[in-house]
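Structure first, commentary second.
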Amino acid sequence: MGLMQNHGNPRTIYFSPERREYHPEALSSRYSLPNRVLSGLHVLKCSFLEDTPVHLLSVATGAANLSSFTKSRPKLSHLSLERSWPALEALLDRDTISSAVIDFTHLEHLDFNPRDWDEDNQSVQQLIFISGSSLKSIMMFGKVQTYPMSRQLDLSTCTKLENARLFFSIYSNGYLFYQLIDTLKSITNPNSIQKLEIHFYMLITQHERSNSYRNVRWERLDEQLDRISTASSSRRVVCTLHLHFEGEYLDDPDKRDDLPAVVQECAQFAQELKINQLHRTNNNKRIDFNVIQRLNFKCSKFAELISIMSAAILCQELVDLFVDHLVQSIEDWLKVPGSPYRPWYPASRRLPELKQCALVNKAFASRAQKHLFCRIQVHPCFGGTSPFPPQTVLYSQSLREINNLLEIFTRKPVLASHLQHLTTDLLFDDTLNLYKPLSDLMNVLQNHGNPRSLDFSSGAQPSDLKALSSRYSFQNRFLSGLQVLKCGFLEDIPVHFIAGKPNLRILILAYCSMATGSVSPRPLTTARPRLNHLILDHSSSALEDLLGRSTSSSEAVIDFTNLEHLEFTPSDWTGNVQSVQRLVLNFGPSLKTIMMFGD
Numbered sequence: 000m001g002l003m004q005n006h007g008n009p010r011t012i013y014f015s016p017e018r019r020e021y022h023p024e025a026l027s028s029r030y031s032l033p034n035r036v037l038s039g040l041h042v043l044k045c046s047f048l049e050d051t052p053v054h055l056l057s058v059a060t061g062a063a064n065l066s067s068f069t070k071s072r073p074k075l076s077h078l079s080l081e082r083s084w085p086a087l088e089a090l091l092d093r094d095t096i097s098s099a100v101i102d103f104t105h106l107e108h109l110d111f112n113p114r115d116w117d118e119d120n121q122s123v124q125q126l127i128f129i130s131g132s133s134l135k136s137i138m139m140f141g142k143v144q145t146y147p148m149s150r151q152l153d154l155s156t157c158t159k160l161e162n163a164r165l166f167f168s169i170y171s172n173g174y175l176f177y178q179l180i181d182t183l184k185s186i187t188n189p190n191s192i193q194k195l196e197i198h199f200y201m202l203i204t205q206h207e208r209s210n211s212y213r214n215v216r217w218e219r220l221d222e223q224l225d226r227i228s229t230a231s232s233s234r235r236v237v238c239t240l241h242l243h244f245e246g247e248y249l250d251d252p253d254k255r256d257d258l259p260a261v262v263q264e265c266a267q268f269a270q271e272l273k274i275n276q277l278h279r280t281n282n283n284k285r286i287d288f289n290v291i292q293r294l295n296f297k298c299s300k301f302a303e304l305i306s307i308m309s310a311a312i313l314c315q316e317l318v319d320l321f322v323d324h325l326v327q328s329i330e331d332w333l334k335v336p337g338s339p340y341r342p343w344y345p346a347s348r349r350l351p352e353l354k355q356c357a358l359v360n361k362a363f364a365s366r367a368q369k370h371l372f373c374r375i376q377v378h379p380c381f382g383g384t385s386p387f388p389p390q391t392v393l394y395s396q397s398l399r400e401i402n403n404l405l406e407i408f409t410r411k412p413v414l415a416s417h418l419q420h421l422t423t424d425l426l427f428d429d430t431l432n433l434y435k436p437l438s439d440l441m442n443v444l445q446n447h448g449n450p451r452s453l454d455f456s457s458g459a460q461p462s463d464l465k466a467l468s469s470r471y472s473f474q475n476r477f478l479s480g481l482q483v484l485k486c487g488f489l490e491d492i493p494v495h496f497i498a499g500k501p502n503l504r505i506l507i508l509a510y511c512s513m514a515t516g517s518v519s520p521r522p523l524t525t526a527r528p529r530l531n532h533l534i535l536d537h538s539s540s541a542l543e544d545l546l547g548r549s550t551s552s553s554e555a556v557i558d559f560t561n562l563e564h565l566e567f568t569p570s571d572w573t574g575n576v577q578s579v580q581r582l583v584l585n586f587g588p589s590l591k592t593i594m595m596f597g598d
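Using numbering that gives the first Met the number 0, the letters of the sequence shown map in sequence onto residues 0 to 598.
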């Protein structure tokens, strides 16, 4: 602490008891630390402290002689109070401002929670009178639960007030509502208000629901909001009303049949309040006015979903973000291997849920369809040993799904633009020649520049593949728009399968090798892929072939000059990584990330 003090530190401290249960008499020196090391303190937060001495800036009533602290009083600019009214009473001197423990004349921001006011707001009102000429922000957080205030807050001294947030309950009568009106009346003309936020807590009963609040004299609130905003020196005033509807009876599962009606009525009430009862405020061109309703009970999340689905209050971009986030969070969750908290969540369950999402509302449909139709897997198999060579076969279910996709894309061609990911294997080429529906489907996708991502693996034993006359010829017809290529467990990959894709940006090779002698000795200066992401897993020999034998980068079958991310797992730790070293030496200026993995 001595070293910190030499640099004027600490400047921020959070001070609280380690345990709530302790014997106070055994802690006689609990606050001796500030005398030694806290002279440079700028921010102090105290929580759950009792009988705090005055030299820690907060005191118990009658615990100190306030007049002895006039020479070194802190000049607060920000004060936040929560369940600490006795401390505020002690910090304020009822008789004179100058003898207060703290100089409040520079206070700009006041935050307070009124939950525990027992009788009135006298202490905070005195504070507002003292610091009113400097106050820029008064933020109330937490609702008033009983009748704590014997009078409204007087804000007449707050000539520089810019932001105000007030919380009030208007349950069975309008007592607190009229206190709010009187509080707003005290804001002067002219004023400096830029943002005004008012929170109302409103009880929903089973019989009247929100209808009981239609008779509240909202025109008086309308008059004050319009007056304050018109008299403001700010060009524009942001005014927001938050309606918190509370209905404990809806927490009963047997009563939740009322929930859709309650959601609809609350939304309708908020809209009517804005347009009809508060029409002057709503029509004032200087006011950015909004009314927001919330449902404060246990099933509120379900209710909010109903609200979103039943009213067109969200732009399509937000709805798209919701669906994207839902899908992405599920996918990210599934990528965590062996998580004990991750339940089994197979695609067979994910697809029906996305279908239900698409059926909820037309606003959800298009984005959900994007994820429903984003990928296709085609995994043929050999039909047997006779005749020889054996033919590839598609399962009847796979063929049925392909025909269904063709029918869907015929009726709604735009959906074909979503199908960007293809997962298949070396039997795919022969299958295309044998099954016309699959070939037709690939033609439809090609019209939309798809697929753009290919996950390609062996899918069969090497001895079986020898019978296939062609394994890679399909790429000439259907892979011109490919951007991501992942190859796994492939031997003797022809170089043109990778080199002939000018749009390729991401290449992943796992346990792969290139065909011997497949690299052309001629410079491939046209239509070369320009990779920015390369992942090599036990495929160093393939990289050697892709780099070429020459030291000139123009003779490599791939343009690595824009490579930014390189990840690799060496094929043999006892050997070397010459090909990787060569790649780094030649194309290092563009590299941003290098990740090496190993067992």
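C-beta atoms are modelled at their ideal positions from N, C-alpha and C, and glycine is treated no differently.
Keep in mind that this is a model prediction, so the values were computed, not measured.
For residue i, three-class secondary structure by DSSP
i, result
"E107", "coil"
"Q376", "strand"
"L314", "Residue identity differs from the one stated: residue 314 is Cys in this sequence, not Leu. Correct three-state label for C314: coil."
"A599", "The requested residue 599 does not occur in the structure, where the chain is confined to residues 0 to 598."
"C356", "helix"
"E245", "strand"
"N8", "coil"
"A514", "coil"
"S491", "Reading the sequence as shown, one finds Asp at residue 491 and not Ser. If DSSP states are grouped into helix, strand and coil, D491 belongs with coil."
"R476", "helix"
"I497", "helix"
"S136", "strand"
"S83", "coil"
"Y471", "coil"
"I180", "helix"
"I534", "strand"
"D428", "helix"
Nearest to residue i (by Cα), restricted to the options the options
i, options, result
"E196", "H77, H241 and L80", "H241"
"A364", "D319, L40 and T515", "D319"
"S589", "V579, F596, T560 and T568", "T560"
"N594", "V583, F567, V579 and L582", "Reading off the sequence, residue 594 comes out as Met, not Asn. If we check each option's Cα against that of M594, F567 comes out closest."
"F596", "N585, Q580, L565 and Q474", "L565"
"H206", "L418, A260, V576 and N190", "A260"
"I169", "Q178, N162 and A163", "Q178"
"H506", "R410, I557, N475 and Y212", "Reading off the sequence shown, one finds Leu at residue 506, where the question assumed His. Among R410, I557, N475 and Y212, the Cα nearest to that of L506 is on I557."
"L503", "A514, T187, G480 and R470", "G480"
"L421", "N403, C373, V579 and L91", "C373"
"N275", "R285, V290 and Q263", "V290"
"L325", "C314, L546 and A357", "A357"
"L106", "V262, C157 and I497", "C157"
"Q267", "R235, E245, N210 and H278", "N210"
"P379", "E264, F586 and S456", "S456"
"S79", "Q124, I137, N282 and S133", "I137"
"C314", "R226, A362 and Q577", "A362"
"L433", "R451, E161, E271 and V392", "V392"
"R82", "E563, M139 and F103", "M139"
"E218", "L277, V413, F103 and T182", "L277"
"L224", "G246, Q376 and A163", "A163"
"S155", "T239, R366, Q355 and K184", "K184"
Delimiting residues of the alpha helix (DSSP H) encompassing residue i
i, result
"H278", "H278 to N282"
"M441", "K435 to N446"
"D225", "W217 to A230"
"A415", "From DSSP, A415 is part of no alpha helix (DSSP H); its letter is neither H nor E."
Sequence-distant residues of its chain with Cβ nearer than 8 Å to residue i (five each side left out)
i, result
"C511", "C486, G487, F488, L489, E490, I492, S538 and A541"
"L40", "P9, R10, T11, I12 and P33"
"P339", "Only weak support is given to the placement of P339: the predicted model assigns it a pLDDT of 48, under 50, and the value that follows is read from those uncertain coordinates. Counting only Cβ-Cβ distances below 8 Å, and skipping sequence neighbours, we find nothing."
"L405", "P436, D439, L440 and V443"
Start and end residues, beta strand (DSSP E) containing residue i
i, result
"I129", "Not the beta strand (DSSP E): I129 falls in the alpha helix (DSSP H), residues Q121 to S130."
"T568", "H564 to T568"
"L202", "K194 to L202"
"E543", "Not the beta strand (DSSP E): E543 falls in the alpha helix (DSSP H), residues S539 to L546."
"T409", "Careful: T409 lies outside any beta strand (DSSP E), inside the alpha helix (DSSP H) at S395 to R410."
Close Cβ partners of residue i (< 6 Å) along its chain, the five nearest in sequence each way excluded
i, result
"A526", "P501"
"L508", "C486, L535, S538 and A541"
"A269", "L242, V290 and Q292"
Residues near residue i by beta carbon distance below 7 Å, same chain, minus five either side
i, result
"L56", "Because L56 sits at a pLDDT of 45, beneath the cut-off of 50, its placement in the model cannot be relied upon, and the point is left open."
"L584", "none"
- request: For the segment 190-208 and the segment 123-130, state whether three or more C-beta atom pairs, one from each stretch, are separated by less than 8 Å.
  value: no
message: With three or more C-beta pairs closer than 8 Å as the rule, is the segment 394-409 touching the segment 422-429?
response: no
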